[in-house]
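Student: Going down the list, the sequences are from chains A and B. First residue of the first sequence: 0, per numbering that gives the first Met the number 0; consecutive thereafter. First residue of the second sequence: 0, per numbering that gives the first Met the number 0; consecutive thereafter. Take this structure first; my questions come after.
Protein chains: 2
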Amino acid sequence: MGRTSDAKAKILTAAESLLEQRGYSALGVAEICNAAGVPKGSFYYFFESKEALVLAVIDAHWAAERRDWERILHGDGDPLPRLRRLLEATEERQRTDQGSYGAVLGCMFGNLSLEMSNQADAIRMRLQEIFETEVDMVDAVITEARDRGELALSDTREAARSVVAQLEGLVLFAKLYNNPAQLHSLWPSCLALLGAVDREALAVRA
Amino acid sequence: MGRTSDAKAKILTAAESLLEQRGYSALGVAEICNAAGVPKGSFYYFFESKEALVLAVIDAHWAAERRDWERILHGDGDPLPRLRRLLEATEERQRTDQGSYGAVLGCMFGNLSLEMSNQADAIRMRLQEIFETEVDMVDAVITEARDRGELALSDTREAARSVVAQLEGLVLFAKLYNNPAQLHSLWPSCLALLGAVDREALAVRA
């Protein structure tokens with residue numbers, strides 16, 4: 000029993016790394032098993048298909064990322080500085096990946112959305128749920144800032160969606176240029192999207 | 000000679016359509032030839048590899064899209080309304096694709112950036128050039144607006160980059176949700192990113 004759950008964990012870890020580096024379609028079950036060091040029979044013992052495996056990888060990846068988001072967004076301090084830390088952590092993450100893999104890997108959920116959202120409905124639905132939750136989490140923190148009189152937004156959810164879209168767009172550039180510094184402008188852009196009229200003052204407060 | 004150039008055009012058309020629907024890795028040369036109705040030998044007469052074909056598809060797709068961008072951005076009228084028309088045309092394009100293919104296809108350049116920018120250097124370089132040109136074109140129109148006193152931006156290039164990032168981020172959502180209406184907020188978000196403090200007044204002017 001110890002051995003089999005070990006094999007499952009090895010498959011998930013290998014698949015996560017390969018999926019981030021190469022995307023879904025370029026990935027084969029044989030290659031995943033090879034990287035994980037487990038026989039192909041083990042793969043089909045745990046997962047009925049590559050799609051089922053990728054759904055499990057998405058869930059594991061999101062569980063870890065969500066913990067990071069919650070730790071930062073629910074942490075101490077004023078709401079806008081917490082949001083700023085989240086966006087800065089995104090840049091740091093891309094920098095860490097670049098150090099480990101030699102390439103900025105981008106956001107797994109954004110990558111899969113553009114590669115294949117119109118091909119695999121189960122994956123599309125899962126990715127939609129994740130992005131909805133991300134928008135909810137950003138919405139909560141900017142609503143808190145608005146309720147403190149720090150922002151004058153009428154539609155916080157729409158603003159939160161534009162912040163997450165900006166994050167995904169700049170992460171796309173960071174991946175394309177293999178340069179995490181493409182994310183430097185994320186916080187000033189976010190302030191602009193939140194209608195923070197006096198950007199300098201808010202940046203100093205944050 | 001008429002027949003061979005016809006075969007080349009058929010291959011390019013079929014490859015463009017398949018690439019937009021399925022991405023790069025999921026695409027095989029045999030499938031492209033089958034869709035184009037040409038023998039596989041013809042393929043290698045015109046293109047030395049799938050990558051060479053995809054570079055040609057990118058160039059053709061960008062030549063057409065660039066003509067649209069230039070027609071709109073260099074057209075009549077004030078600069079900000081021209082920028083607004085460009086962003087609205089993006090939504091219309093996604094709506095047209097959805098009508099033709101049953102799915103929002105997103106932006107070919109964004110799709111390829113996230114699927115494979117860390118795998119094929121020639122494609123990555125071509126995509127970088129395209130996005131640089133897009134940012135240049137948006138920069139030119141917002142610089143024109145700034146010089147007319149309609150915007151108070153210090154760094155127009157950075158602002159243009161954030162506008163293109165927002166476009167890509169919202170196109171990602173449109174593809175993920177298979178819903179072009181995800182792009183409705185592109186213009187208000189763009190105004191916010193341009194530091195258009197009085198959004199309502201600018202929206203009315205536009």
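Where a beta carbon is used, it is the ideal one built from N, C-alpha and C, also for glycine.
Short of 7 angstroms in beta carbon distance, which residues of its chain neighbour I71/A, apart from the five on each side in sequence? Order them along the chain.
Tutor: R81, R84, L85, A88.
Student: Return the residues of the stretch 154-177 of chain B that lie within a Cβ-Cβ distance of less than 8 angstroms from chain A, sorted by chain order.
Tutor: Against chain A - using a Cβ distance shorter than 8 angstroms - the residues of the stretch 154-177 of chain B are E157, R160, S161, V163, A164, Q165, L166, E167, G168, L169, L171, F172, K174, L175, Y176, N177.
Student: Give me the residue from I10/A, E114/A, D77/A with the minimum Cα distance to T142/A.
Tutor: Per the Cα distances, D77/A.
Student: My parser needs the alpha helix (DSSP H) runs of 4 or more residues fully inside the stretch 6-49 of chain B; what are they?
Tutor: As far as the stretch 6-49 of chain B is concerned, its whole alpha helix (DSSP H) runs of at least 4 residues are 28-35, 39-45.
Student: Taking only beta-carbon positions, decide if S116/B is within less than 8 angstroms of chain A.
Tutor: Yes, S116/B counts as interfacial toward chain A.
Student: What residue from R92/B, S16/B, L175/B, Q165/B has the CA that sits closest to D67/B's CA?
Tutor: Checked all of R92/B, S16/B, L175/B, Q165/B; the closest Cα to D67/B is R92/B.
Student: Which one of Y44/A, S41/A, R123/A, L192/A has the shortest CA to CA distance from D154/A?
Tutor: For the residues Y44/A, S41/A, R123/A, L192/A, the minimum Cα distance to D154/A belongs to L192/A.
Student: What residues in the stretch 39-55 of chain A have a beta carbon less than 7 angstroms from any beta carbon of chain B?
Tutor: From the stretch 39-55 of chain A, no residue has a Cβ closer than 7 angstroms to chain B.
Student: Taking Cβ positions only, does Q127/A come closer than 8 angstroms to chain B?
Tutor: By this cut-off, Q127/A is an interface position.
Student: Can you give the Cα-Cα distance for L54/B and A121/B, rounded to whole angstroms?
Tutor: Looking at the two C-alpha atoms, the distance is approximately 8 angstroms.
Student: For C32/B and Y44/B, I'd like the C-alpha separation in whole angstroms.
Tutor: Straight-line Cα distance between these residues: approximately 12 angstroms.
Student: Does the Cβ-Cβ distance between N117/A and G22/A come in under 8 angstroms?
Tutor: Going by C-beta atoms, N117/A is not nearer than 8 angstroms to G22/A.
Student: Starting from G76/B, find everything on chain A with Cβ-Cβ shorter than 7 angstroms and list it in chain order.
Tutor: Per Cβ cutoff of 7 angstroms: no residues; G76/B is ~25 angstroms from chain A at best.
Student: Taking C-alpha atoms, which residue in R125/A, S41/A, S184/A, E114/A lies nearest to A6/A?
Tutor: A6/A has its Cα closest to that of S41/A, out of R125/A, S41/A, S184/A, E114/A.
Student: Interface residues of chain B around N110/A at Cβ under 9 angstroms?
Tutor: Under the 9 angstroms cutoff, chain B gives L113, E114.
Student: What residues from chain A crowd round Q93/B, counting only those whose CB sits closer than 7 angstroms?
Tutor: Within 7 angstroms Cβ-Cβ: nothing; Q93/B doesn't reach chain A, min ~12 angstroms.
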